[in-house]
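Just below is one structure, and these are the notes that go with it.
Residue numbers (the numbering used here): 40 to 147.
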């Protein structure tokens, strides 16, 4: 009967991936990346909220300015009507204008 005795040792060496990168350093890098991405998500959310508020303010300003523009256009049309022009010419300037039917408009 032959006896064979073998001795085996299991060594727990630190996991080295390549050129000195250990598991703990990779874990630290990943944790830093996760925290940076979380902070960036918070920043993007805040930035979107601020930009949405600014956009809503600009839209309300645009609506208000469009209403003012419409009022000014209506006022201009009213002032350009012939009978208003005739009244202003006679009362303010003392002119007598021809009747509207006799006025000829020539456009080039």
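Backbone N, C-alpha and C fix where the C-beta goes; we use that ideal spot for every residue, glycine too.
How big is the Cα-Cα spacing for residue 44 and residue 64? Along the chain shown, read from residue 1 onward, the residue named residue 44 stands at position 5. Along the chain shown, read from residue 1 onward, the residue named residue 64 stands at position 25. For the pair residue 44 and residue 64, the Cα-to-Cα distance works out to about 40 angstroms.
Give the straight-line distance between the Cα atoms of residue 62 and residue 100, rounded to the nearest whole angstrom. Translated into positions along the chain shown, residue 62 becomes position 23. Translated into positions along the chain shown, residue 100 becomes position 61. So the alpha carbons of these two residues sit roughly 56 angstroms apart.
Residue 76, enclosing alpha helix (DSSP H) - first and last residue: Taking the first residue of the chain shown as 1, we reach residue 76 at position 37. Per DSSP, residue 76 is one residue of the alpha helix (DSSP H) stretching across 62–119.
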